[in-house]
Structure formats: structure tokens, C-alpha cells
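Visitor: Residue 121 in numbering that gives the first Met the number 0 is what sits at position 122 of the sequence shown, and the numbering runs on without skipping anything.
We put the CB at the ideal spot given by N, CA and C, even for glycine.
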Amino acid sequence: MTESETLISQYQDEDDQTMREKIEALTAQLTISKADKDNQYISLEAINASFDNLTTKKNEFDQYAQEYNRKKELIRFAQEKRGEFSSQVQDIRSRIESLSHDLKEGGEAKSKFDSEVQPKFSLIESAFLKLEELSNQRPSEIEDSYEQQVQTLTEDITNRKTEVEQAIQEVEQLKQQEAEQPTENS
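1) For the alpha helix (DSSP H) containing residue 97, name the first residue and the last one.
2) Would the beta-carbon of residue 77 fall within 8 Å of that of residue 56?
3) Just confirm the distance between the C-beta atoms of residue 27 and residue 35, as a whole number of angstroms; I'd bet it's less than 8 Å.
4) Locate the alpha helix (DSSP H) running through residue 130, then write down its first and last residues.
5) Quick check on residue 172: buried or exposed, where buried means 16 or more other Cβ atoms within 10 Å of its Cβ?
6) Could you tell me the distance, in whole angstroms, from the CA atom of residue 174 to the CA atom of residue 159?
7) Would residue 81 and residue 131 qualify as a contact pair, given that the criterion is a beta-carbon distance under 8 Å?
8) Pull up the distance between the alpha-carbon of residue 85 and that of residue 3, whole angstroms please.
9) For the alpha helix (DSSP H) holding residue 31, just list the boundary residues, first then last.
10) Please state whether DSSP places residue 9 in a helix, a strand or coil.
11) What number of angstroms, rounded off, separates the C-alpha of residue 164 from the C-alpha of residue 144?
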């Protein structure tokens, strides 16, 4: 009984519907077993059966809790990655916004900006939003592919971030060259 009470108190504040349902089921069986134990008119076999039911419920709950905790760790990992990428994505967004000013229409810098920087950054934003969505899930909502999805998104964001930064540098160089051209022709 003590183990069941400990598990209940340990998980009673979890904000997950499935976990709350599991706690309710274990609590109900614990209440029945306590009542059976205190009932002097019930047979020893009935008390033992009640405690066997409690042990079964506790073991099922314990198994669920282990998987639940594993999933919470996966969510924490996704949240950490989201936190790492959040400022990086914002920095790139600011650089892109700043870079977009004063690009000459029809110029090579503007063309590269429109064809490479913007589309690649859109892919980063899309992957980041998906990572954010995954990091906000509850443990009971996590699918078997969750860990792989987070890993793939992390790699995707990292790789695309490098590509976008290179494209930004190229556009900056082209922008600088275009700005210097009129002085060379004078």
C-alpha cells in the first residue's frame, strides 16, 4: 500500500490526462484494498485477492510511469533544442531583415537574396515551428517516432542555418560590390 501511495503522491500533479486517469484507477484500487483490509467481516482470501489486484494495478502504473518519465526526458531534450535555436533563428531573421534593405532591383545581390536566402530561411522557420510543436506535447501525445523527428529537425535546422549564413555572406559581398560599382564607372 505504501508503494502505491508514494506513486500516487509522486505523480498526482502531472498535467497529462492519461497520467491522471492512471492515478485515479490506482487510487480507486487502493481505496478498495484499504477498505477490505479494515473490514472484519471479509475473508482472508478476499483480502488477499484485493491486495493482488492492488499489486497488479501498482505494477501497471509503475510500468506506465517509467515510460512516462522517458517521454518527459525526450520532451525536455526537444525544449532544450528549441531554446538553443530560438535566439539563433531570431538573429538570422534580424540579419535577413537588415540585409533586405537597399538591395538594387534587378541586381545580382537581390536575385541571390530572393532565390537562396529567403527560401532557405523559410525552411528553417518551418523546421523550427515543427520542433516547437513537438516540444509542447504532453507525454501521452508522443508517438514512437518522436525522438527521431526531434533529431531530424535538429540536424535539418543546423545544416540549413549554415547554408543560410553562407548565402547571407554571399549576398552581403554582392551588395558591397554593387555599391562600389558606380564609383568605379565615374
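Guide: In brief:
1) In the sequence shown, residue 97 corresponds to position 98, counting from 1. From DSSP, the alpha helix (DSSP H) with residue 97 extends over 43 to 99.
2) One-based indexing of the sequence shown puts residue 77 at position 78. One-based indexing of the sequence shown puts residue 56 at position 57. Between residue 77 and residue 56, the C-beta spacing is not below 8 Å.
3) In the sequence shown, the residue the question calls residue 27 occupies position 28. In the sequence shown, the residue the question calls residue 35 occupies position 36. 13 Å between Cβ atoms; not a contact.
4) For the purposes of this step, residue 130 is taken as the residue at position 131 of the sequence shown. Per DSSP, the continuous alpha helix (DSSP H) segment holding residue 130 begins and ends at 117 to 134.
5) Position 173 of the sequence shown, counted from the start, is the residue given in the question as residue 172. It is exposed - the Cβ of residue 172 has fewer than 16 other Cβ atoms within 10 Å.
6) Translated into the one-based positions of the sequence shown, residue 174 becomes position 175. Translated into the one-based positions of the sequence shown, residue 159 becomes position 160. Roughly 22 Å separates the two Cα atoms.
7) Mapped onto the sequence shown, residue 81 falls at position 82. Mapped onto the sequence shown, residue 131 falls at position 132. Yes, Cβ-Cβ distance for residue 81 and residue 131 is below 8 Å.
8) On the sequence shown, position 86 is the one that residue 85 refers to. On the sequence shown, position 4 is the one that residue 3 refers to. Residue 85 and residue 3: Cα-Cα distance of roughly 41 Å.
9) Reading the sequence shown from its first residue, position 32 is the one you call residue 31. Unbroken alpha helix (DSSP H) run through residue 31: 16 to 37.
10) Here residue 9 is taken as the residue at index 10 of the sequence shown, counted from 1. Here residue 9 carries a helix assignment [DSSP, helix/strand/coil].
11) For this step, residue 164 is matched to residue 165 along the sequence shown. For this step, residue 144 is matched to residue 145 along the sequence shown. Rounded to whole angstroms, residue 164 and residue 144 show a C-alpha spacing of 30 Å.
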